[in-house]
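Q: Residues 1 to 211 (this note's numbering) are what the sequence shown spells out, left to right.
The beta-carbon is built from N, C-alpha and C at its ideal position, and this holds for glycine as well.
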Amino acid sequence: MTRIVGSLLLMLTNICFTANAQSRKLIIDCDPGIDDATALILAMQYPGFEILGITSVFGNAYVEQATNNALRVVELSGRNIPVYKGAEKPLSIPIETPPDFIHGKDGLGNTNQPEPRLSYQKKSAAEFIVDITKKYPGQVTILAVGRLTNLAEAIKLDSSLIKNVKEVVIMGGALRVPGNATPVGDANIRGDHLAEDIVFTAPWKVTMIGL
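(1) List the residues that DSSP assigns as beta-bridge partners of L26.
(2) Where does G53 land, buried or exposed, given buried means 16+ other C-beta within 10 angstroms?
(3) In this structure, how does DSSP classify I209 when only helix, strand and coil are distinguished?
(4) Do you know offhand how far D186's Cα is from I28's?
(5) Excluding five sequence neighbours on each side, which residues of the same chain lie with their C-beta closer than 7 Å to the C-beta of S23?
(6) Where T111 and V145 are concerned, what is the direct C-alpha to C-alpha distance, given to the nearest angstrom?
(7) Cβ of P82 within 7 Å of any heavy atom in the ligand ADP?
(8) So which of L118, D35, T201, P178 has the shortest CA-CA distance to G78?
(9) Tell me whether L76 is buried or exposed, calling it buried when 16 or more other Cβ atoms sit within 10 Å of its Cβ.
(10) What is the residue span of the alpha helix (DSSP H) that K163 lies within?
(11) Identify the continuous alpha helix (DSSP H) that holds F101 and give its terminal residues.
(12) Buried or exposed: G138, going by 16 or more other Cβ atoms within 10 Å of its Cβ?
(13) Tell me the rounded alpha-carbon separation between V206 and I142.
(14) Leaving out the 5 sequence neighbours to the left and right, which residues in its chain are closer than 6 Å to C30 when beta-carbon positions are compared?
(15) Can the beta-carbon of V165 be found closer than 8 Å to that of V140?
(16) Thinking A152 and I198 are a contact (beta carbons under 8 Å), I'd like their distance in whole angstroms, please.
(17) Looking only at DSSP bridge pairs, what is I170 linked to?
(18) Which residues share a DSSP beta bridge with Q121?
(19) Would you mind working out which of V63, E167, L40, Q113 sits nearest T97, comparing C-alpha positions?
(20) What number of angstroms, rounded off, separates the C-alpha of L42 from the C-alpha of G33?
(21) Would you kindly work out how many angstroms separate the C-alpha atoms of I93 and P82, rounded to a whole number?
(22) Taking the alpha carbon of A154 as the point to measure from, which residue in L211, K123, V177, V130 has its own alpha carbon closest?
Right, dumping it as structure tokens:
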């Protein structure tokens, strides 16, 4: 968990230092999870980020719980940021049981949070990603801190997404260190191999921040 939080801090620092005088438009694609809830809270505190939306995906919790957790974090922050429910399973492999021995049954350390009063948007995560990047072509950075399934589904939905996105910044991978899911693999990349292949082979700018 310490390495994951360290990766999150490095990722956010990287985006902060590359931002210009204008605010950086962000989509945060996540699976909250203690670590991703931390990322959301940190990102919301930085005045240089304009968070256009939060998209949820399966991973640290099933997507229904991850979506509720994202809504709860937004609610507690007092921010008006829309949340979009994303993929509930990988593109080509069976979904694995969420690691409740790490994140708890609720994904937030069994803190027994009440159900959020906010609701997620009707549009799917993939649809939102495609639509918002068309609205702001070349301006949106996607911060992906979970499985890459939503991004892959968005590319499959409309490949023009690739030219409309400014940059994709990914928390994932284990190049020179052991993985956190297997001896050589981290949970985010290993969790959907096909989505990872689609995202990394697309002709757009990708920055990977591994363990």
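A: Answer, in terms of the structure:
(1) Working through the sequence shown from its first residue, we reach residue 26 at position 26. The partner list for L26 (beta bridge, DSSP) reads I51, T141.
(2) Here residue 53 is taken as the residue at index 53 of the sequence shown, counted from 1. It is buried - the Cβ of G53 has at least 16 other Cβ atoms within 10 Å.
(3) Along the sequence shown, read from residue 1 onward, the residue named residue 209 stands at position 209. Three-state result, I209: strand.
(4) The count along the sequence shown starts at 1 and reaches residue 186 at position 186. The count along the sequence shown starts at 1 and reaches residue 28 at position 28. Computed Cα separation, rounded: 19 Å.
(5) As a working mapping, residue 23 is identified with position 23 in the sequence shown. Same-chain partners within the cutoff: G48, F49, E50.
(6) Walking along the sequence shown from the start, residue 111 turns up at place 111. Walking along the sequence shown from the start, residue 145 turns up at place 145. Taking the straight line joining both Cα atoms gives about 22 Å.
(7) In terms of ligand content, the structure shown is empty, and the ligand ADP therefore cannot be addressed.
(8) As a position in the sequence shown, residue 78 is number 78, starting the count at 1. Comparing Cα-Cα distances from G78 to each of L118, D35, T201, P178, the minimum goes to L118.
(9) Within the sequence shown, numbered from 1, the residue matching residue 76 stands at position 76. With fewer than 16 other Cβ atoms within 10 Å, it is exposed.
(10) Start at 1 with the first residue of the sequence shown, and residue 163 comes out as number 163. Where K163 is concerned, the enclosing alpha helix (DSSP H) stretches over 161-164.
(11) Numbered from its first residue, the sequence shown carries residue 101 at position 101. Looking at the DSSP string, the run of the alpha helix (DSSP H) that includes F101 is 100-103.
(12) By 1-based counting over the sequence shown, the position of residue 138 is 138. So G138 ends up on the exposed side.
(13) Numbered from its first residue, the sequence shown carries residue 206 at position 206. Numbered from its first residue, the sequence shown carries residue 142 at position 142. Those two C-alpha atoms are separated by around 10 Å.
(14) Here residue 30 refers to the residue found at position 30 of the sequence shown. So the qualifying residues of the chain are D36, V145, G146.
(15) As a working note, residue 165 is residue 165 in the sequence shown. As a working note, residue 140 is residue 140 in the sequence shown. It is a contact, given that the beta carbons lie within the stated cut-off.
(16) Along the sequence shown, read from residue 1 onward, the residue named residue 152 stands at position 152. Along the sequence shown, read from residue 1 onward, the residue named residue 198 stands at position 198. About 4 Å; that satisfies the 8 Å criterion.
(17) Reading the sequence shown from its first residue, position 170 is the one you call residue 170. According to DSSP, I170 bridges with A144, M208.
(18) In the sequence shown, residue 121 corresponds to position 121, counting from 1. Answer by DSSP bridge pairing, in chain order: Y84.
(19) Counted from its first residue, the sequence shown places residue 97 at position 97. Considering only alpha carbons, the answer is V63.
(20) On the sequence shown, residue 42 is found 42 positions in, with the first residue counted as 1. On the sequence shown, residue 33 is found 33 positions in, with the first residue counted as 1. For L42 and G33, the distance between alpha carbons rounds to 14 Å.
(21) Locating residue 93 in the sequence shown gives position 93, where the first residue counts as 1. Locating residue 82 in the sequence shown gives position 82, where the first residue counts as 1. Using only the alpha carbons, I get a separation of about 29 Å.
(22) By 1-based counting over the sequence shown, the position of residue 154 is 154. Of the listed residues, the one whose Cα sits closest to A154 is V130.
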